[in-house]
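Have a look at the structure below before the remarks.
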Amino acid sequence: MKGLIIKDFYCMKKQFMNYVAIIIGLVVTTIMFVLSFNYGNIYISRMDMIADGQATLADTIEVANRIMIFLMMLPIACAGDLDGLFRADNQAGFYKIAAGLPVTTAKRVASRFITALMFVAVGAVIDIVISLILSMLTDIVKFSEFANTIISFSSLMFIYGSVVILLMYVFGTKVSGYAGIIPFLIVVAGLVIAGFDGIKRLLVYEDDTVIRQYFNSIHTFITSRSYVLLIAAIITFGIIFPLSIFFADRKKGVA
Amino acid sequence: MDDSYVIELKNVKKDYGDFVLDNVSFCVPTGSVCGFIGQNGAGKTTTIQIILDAIKRDGGEVYVFGKNIDDGMAALKEDIGVVFDEMGFHDFLTPKQINTVMKNIYQNWDENAFFDYLKKFSLPSKKECGKFSRGMRMKLQIATAMSHKAKLLIMDEPTSGLDPIVRNEIIQIFREFVIEEDHSILLSSHITTDLEKIADEVVFIDAGKIVLSGNKDEIIEKHGILRCKKDEVKEISKSLIVDVDVSSMGAEILVNDKKAASKLYPGMVTDEAGLEQIMIHYVNSSKAISISENSGR
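Protein chains in written order, with this note's numbering: chain D, 1 to 255; chain S, 1 to 297.
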């Protein structure tokens, strides 16, 4: 099983340079943003806005906080391309080789979940390093907020990855494009359902404060209730893992 | 189950709708090289996939090393090396990386043996295998299949598409492998000349059915090509005839008992038949039977 995980990482090595470029870009952009927020053009603009009464100091810090929190999603989201792994195996005909290996279908499926978890872990570790640097540079975001955010995003990405794995075993690599989109649509649908009241208020009563409230509630949720998503990720894994084994076994481990 | 057989199939069935593997039964004796012959699409790969438990079968039983594969095939694969007609490794992997992957999969993986094979086959260890020629890819697969102390090699068309020199080299490797008493090979191929060089046993499959199986020398010894004039064909006993090929030059008949044919028809020439001729005539014969069955409906 360990060998299969190593093979997956060799597959991802191809994307390594892209990933490094994203991370370097993210770090540089975030640091420049922090510097500009405190001393540069952003500082001048926000001071002007405060002077004109368009915003308060708290408002400008809040916006910067939101931007930095959501930037933390990038390293985790870009860490691994799970449906790409399935496609690569299929293109190479690796399923034939896998059929001859002394590895049970359950272990083959488990190796995919471990790979998914490790991709998320790689992104989380990079996020932790970036958070530590940013916490030292600025007070816009507290480290505790960063930590909660990393747990929230890692849990979300693991849920996403688990759904991708399940869909790959159910529908095969022919629908790999959909396998990436469907979990995303599920998350969007979840957000729409959760914010249905707000959306109604926005559309019917044209109450635009609702957007801010909506993002505030998501932000609060991500930065202070990460345990909910963590529990959701564990429950999702508990359901999807045996289901994936069931479907993979029907196809003898071939996606 | 009988331990004298390394592979045993009993009435194996697989129905794909447009293709049916129909009650396939055969055995591969331990320590032998079994040639699995048949034209493309005859069912060789499907049978091999069933033996490896890579696809679900619709019926029958499969035993490998005397154990039913339904009781757990994964552990048995520690002792099986598999080679396919296509490489199966990702193009960007180097043999060195393949070694790292495999040593973390096989308990008995022998790193030194693998690198020795790479040297022996003149394969670079740090070059991406996507840049290898077809012959090199095949040798890489063979090196991988033979580096975990496998006792059984299962190979699906390992020599197809290779030039005669590389094919000969590969056959030589297989010969060295079966020097060990408990080592066996199931070698599927439609290149019968390769099998004539190495096989002890032959299983011949056509349209999903086993049409002939047994000791290769006995099969060759038993069959013969009887040559006669066109109008003499009707004199030949039907029980001897497998297939008749009539041309302007005369008739060529594959007979299933060469000695009997020589005795019964001393005036006619009875030549030895090679595996290829036997295969072609059996395929023609089954085609003729299916045509006559269809026209009779």
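Note that the Cβ used here is the ideal one computed from N, Cα and C, for glycine as well.
Nothing here was measured: the structure is a model prediction, and the numbers come from that model.
- With a threshold of 7 angstroms between beta carbons, residue 97/S makes contact with chain D.
- 211/S is the residue among 252/S, 211/S, 277/S whose C-alpha sits nearest the C-alpha of residue 43/S.
- With a threshold of 7 angstroms between beta carbons, residue 53/D makes no contact with chain S.
- For residue 65/D, same chain residues with a beta-carbon under 6 angstroms away, outside a window of 5 residues either side, are 140, 141 in chain order.
- With a minimum length of 3 residues, the unbroken runs of beta strand (DSSP E) contained wholly in the stretch 161-200 of chain S fall at 184-189.
- Residues of chain S whose Cβ lies closer than 8 angstroms to the Cβ of residue 93/D are, in chain order, 84, 86, 87, 88.
- The beta carbon of residue 138/D lies closer than 8 angstroms to those of 34, 37, 38 in the same chain, with the five residues before and after it left out.
- According to DSSP, residue 154/S shares a beta bridge with 82/S, 186/S.
- Residue range 59-64 is occupied by the beta strand (DSSP E) that includes residue 63/S, with no alpha helix (DSSP H) assigned at that position.
- Annotated three-state conformation of residue 122/S is coil, per DSSP.
- Nearest neighbour of residue 271/S by Cα position, chosen from 259/S, 282/S, 280/S, 51/S, turns out to be 259/S.
- At a cut-off of 7 angstroms between beta carbons, residue 29/D makes no contact with chain S.
- Given a length threshold of 4 residues, each whole run of the alpha helix (DSSP H) inside the stretch 74-117 of chain D is given here in chain order: 82-92, 94-99.
- Only exposed fits residue 136/D, as fewer than 16 other CB atoms lie within 10 angstroms of its CB.
- Residue 270/S carries a strand assignment under DSSP once its states are collapsed to helix, strand and coil.
- Taken atom to atom, the span from the alpha-carbon of residue 8/S to that of residue 275/S is near 23 angstroms.
- For residue 248/D, no chain S residue has a C-beta closer than 9 angstroms to its own C-beta; the minimum C-beta separation is roughly 12 angstroms.
- Closer than 7 angstroms at the C-beta level to chain S, one finds these residues of the stretch 5-20 of chain D: 6, 7, 10, 11, 14.
- Here residue 226/S carries a strand assignment [DSSP, helix/strand/coil].
- Residue contact with chain D for residue 101/S: present (Cβ-Cβ distance below 7 angstroms to some residue of chain D).
- Flagged as an interface residue toward chain D: residue 54/S, by a C-beta distance shorter than 7 angstroms.
- Judged by DSSP in its simplified three-state form, residue 214/D adopts helix.
- Residue 3/D has a beta carbon lying within less than 7 angstroms of a beta carbon in chain S.
- Taking a beta-carbon distance threshold of 7 angstroms, residue 234/S does not count as an interface residue toward chain D.
- DSSP places residue 212/S in the strand class (E or B) of the three-state scheme.
- Leaving aside the five residues that flank residue 243/D on each side, the residues in its chain whose CB is nearer than 8 angstroms to its CB run, in chain order, 166.
- Within chain D, not a single residue places a beta-carbon under 7 angstroms from that of residue 173/S; the smallest gap is close to 18 angstroms.
- With 16 or more other CB atoms across the displayed protein chains lying within 10 angstroms of its CB, residue 157/D is buried.
- The alpha-carbon of residue 217/S is positioned some 7 angstroms away from that of residue 200/S.
- In the three-state scheme derived from DSSP, where H, G and I count as helix and E and B as strand, residue 21/S is classed as strand.
- Residue environment for residue 196/D: exposed (fewer than 16 other C-beta atoms within 10 angstroms of its C-beta).
- For residue 99/S, the enclosing alpha helix (DSSP H) covers residues 95-103.
- With fewer than 16 other CB atoms across the displayed protein chains lying within 10 angstroms of its CB, residue 227/D is exposed.
- Distance between residue 155/D and residue 112/D, taken at the CA atoms: about 16 angstroms.
- With respect to the 7 angstroms criterion, residue 149/D and residue 218/D are not classified as neighbours on the basis of their beta carbons.
- Closest in alpha carbon position to residue 224/D, among 63/D, 69/D, 12/D, is 69/D.
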